[in-house]
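Protein chains in written order, with our numbering: chain A, 1 to 143; chain B, 1001 to 1331. Heads up, the thing below is written out as structure tokens.
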Amino acid sequence: MLDPDYILLVDDNPDDVDLAILALKRSHLDCDIVVARNGFEALKMLHGDSSALPSLRVLPKVVLLDINMPVMNGFDVLQAFRAHERTQSLPIVILTSSKEEQDIAKGYAYGANSYIHKPVDFANFTEAIKQLGMYWLVLNQTN
Amino acid sequence: MYHAGMRIRESIFSPLGITTIYLVMGSLWITFSDSWVVAAVQDVQTLTRLQSYKGLFYIAITAFGLYYLLVQHRLTILKATESYTKELENRVQERTQDLSLLNKEMESFSYSVSHDLQSPLRAVLGFSEEIVQHHSEGLSPTATNYLSRISAAAKRMSVLIDDLLTLARVSKIESKPSEFELQPLVAEVIHDLSLNPVYANTKVSIRLQEVRLVADESLIRILFENLLSNAFKYSSRVTSPHVEVECIRANGHPLIAVRDNGIGFDMLHYDKLFTPFQRLHHGEGYPGNGIGLATVQRVMRHLKGSVRAESEIGKGTVFYITLENTIVAHA
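Now the structure itself:
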């Protein structure tokens, strides 16, 4: 049974997926994580138009979205989420290797709630995830 | 582009062509007209008068002819210049297109370097850290040592990638000049560096009161981050490390000096100082990749300023920065 306070992680790189899961675990953020291996999968899951994939009836608390993905990149996914009634106000955090100013600007312009650069160093990565978790925890409590 | 018609035109209306026409026409006129006049007139006086009229007539006709030839000569030169200019313009346009294509390739290269090279490093660092922290039971000290060396190497490579990206990015930063005070910026950079426990004993003096610059702040920050991290690094092992930043005057122009009392370098190798990947010091005490000063030089080129250094082994190094029209106020 899926915890209703789950996180959706959209990332094509299996190493980055495992690292993010480890970082969440090490930050003691006890919540379920659903992984979409690309943009299409994430859209199908949340917009519920596929029988092959578990379409998620409850929306995640937050979506962690990578930018650099094949076929449908993070910006396309972000735009599609924002264009759809069900996901237009879903909290979306871009979690990417890119520190490029144009990517940060584009992310916010397309409606991301936050932008996190994935640090190479694992301790810093865990710290970033921890900060993010605390932020959403506070936000969810106030809601 | 030249074509056959133009070449014929050019040869006729060239200085040699014009002179040849003049010579041939003149010789023919004198030869034939003289023999006609001599055959038609017997009287010497009339003959002399006719010769004078003939001469005047010839000068008038050739003056017109010469005028026409000179105009044509000028037109030919203008046309040749025009076609040459057009050819040059085309060539410049082609080169510009090539360059912008190259720039775009370079941009996407940097972009993919920042993404695709950092990602595997994150995996190397993350998983080795995870083994050391949470799965180290049964690992021999040698294995743990190897793992920490893997992490250290991956961290070094990550710094190298970041520095290379900064170097590549510096010349592309669109300069947005604004007026600001230099002292707080330098103090901030020094504060960040002082957080490193290795630099706990370093004494710092900043004398930049009232120094205001009109320049791109992000470029100036990159400049001081690199110069100051070098000053801290190379003075960290002397007995009382001291780093100074001040604004001085040389020949009436303001200069900014970044000075340290560190190990210095041999001025014989000065030509290698600003070359990427060239390091004048090796060994474990002074980690680095030789990109910092190359970045400094690129920043200075971008700011239309200059940088030079003076150093003596065992005594220290000073970097002088000249920023024409950039330092707008100083004490």
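Cβ atoms here follow ideal geometry from the backbone N, Cα and C, with glycine treated the same way. Computed from a predicted structure; not experimentally measured.
Which residue's Cα is closest to the Cα of Ser1171/B: Asn1261/B, Leu1223/B, Leu1028/B and Tyr1053/B?
Leu1223/B
Hey, Leu90/A and Ile116/A are a contact pair by Cβ (cut 8 Å); roughly how many whole angstroms apart?
That pair is no contact at about 17 Å.
Shorter than 8 Å from the beta carbon of Leu22/A to some beta carbon of chain B?
yes
Going by alpha carbons, who is nearest to Ser1014/B out of Ser1052/B, Ile1077/B, Thr1031/B and Phe1032/B?
Ile1077/B
Contacting positions in the region 98-113 of chain A - beta carbon closer than 8 Å to chain B
Ser98, Lys99 and Glu100
Look at the alpha carbon of Ser97/A and the alpha carbon of Asp1098/B, and state the distance between them as a whole number of angstroms.
30 Å
With H, G and I counted as helix, E and B as strand and the rest as coil, what does DSSP make of His1073/B?
helix
For Gly1314/B, list the residues DSSP reports as bridge partners.
Beta-bridge pairing links Gly1314/B to no other residue.
Endpoints, the beta strand (DSSP E) within which Ala1215/B is located:
Arg1212 to Asp1216
By a C-beta neighbour count over all protein chains shown, 10 Å radius and 16 as the cutoff for buried, is Lys1079/B buried or exposed?
exposed
Under DSSP, the alpha helix (DSSP H) around Lys1304/B begins and ends at which residues?
Element bounds for Lys1304/B: n/a, residue is neither H nor E.
Is Ala1200/B helix, strand or coil by DSSP?
coil
Can you check whether the C-beta of His1115/B is within less than 8 Å of a C-beta belonging to chain A?
yes
List the DSSP bridge partners of His1242/B.
Lys1203/B
Quick check: what's the CA-CA separation for Ala52/A versus Pro60/A?
Any reading at Ala52/A is ruled out, since the residue's pLDDT is 47, under 50, leaving its predicted position unreliable.
In the structure shown, what three-state DSSP assignment does Pro1177/B receive?
strand
Let me make sure I understand the geometry here. Which of Ser1110/B, Cys1247/B and Ala1063/B has the alpha-carbon closest to that of Met982/B?
For residue 982/B there is no data in the structure shown, the boundaries of chain B being 1001 and 1331.
Check the Cβ of Asp16/A against every Cβ in chain B and list those closer than 8 Å, keeping chain order.
Ser1119, Arg1122 and Ala1123
So which residues on chain A does Glu1324/B lean against when the C-beta distance must stay under 8 Å?
Here the premise fails: no neighbours, minimum Cβ distance about 28 Å.
Smallest Cα separation from Cys31/A: which of Arg82/A, Tyr6/A and Asp103/A?
Tyr6/A
Whole angstroms are fine: how far does the CA of Thr1096/B sit from the CA of Gly1126/B?
44 Å
Leu1227/B bridges to which residues according to DSSP?
None, per the DSSP bridge assignment.
Closer than 8 Å by C-beta to Tyr1150/B: which residues in its own chain qualify, once you throw out the five before and the five after it? Chain order, please.
It should be noted that the sequence gives Ile, not Tyr, for residue 1150/B. For Ile1150/B, where only same-chain residues beyond five positions count, the Cβ hits under 8 Å are Val1124 and Ser1128.
Within 10 angstroms of the Cβ of Ser1236/B, are there 16 or more other Cβ atoms? Answer buried if so, exposed if not.
buried
Taking Cβ-Cβ distances below 9 Å as the criterion, which residues of the region 30-43 of chain A are in contact with chain B?
none
Taking only three categories from DSSP, how would you classify Tyr1320/B?
strand
Please look up how many angstroms separate the CB atoms of Leu43/A and Val77/A, rounded, as I've assumed it's under 8 Å.
7 Å
For chain B, find out if any of its Cβ atoms is closer than 8 Å to the Cβ of Asp11/A; answer yes or no.
no
On the criterion of 16 or more Cβ atoms from any shown chain inside 10 Å, does Ala83/A qualify as buried, or is it exposed?
exposed
Interface residues of chain B facing Val120/A [CB-CB closer than 8 Å]:
Gln1118, Leu1121, Arg1122, Leu1125, Ala1154, Lys1155 and Ser1158
Tell me whether Ala1294/B sits in a helix, a strand or coil according to DSSP, three-state version.
helix
Among residues of its own chain, excluding the 5 on either side of Gln113/A, which ones have a beta-carbon nearer than 7 Å to its beta-carbon?
The displayed chain sequence assigns Asn, not Gln, to residue 113/A. Here the set comprises Pro91, Ile92 and Val93.
Counting C-beta neighbours from all protein chains within 10 Å, is the total for Glu1225/B 16 or more, i.e. buried, or is it exposed?
buried
Measure the C-alpha to C-alpha separation of Ala1309/B and Thr1317/B and round it to an integer number of angstroms.
7 Å
Identity of the residue in Leu1070/B, Thr1085/B, Gly1138/B and Tyr1234/B nearest Pro1287/B by Cα:
Tyr1234/B
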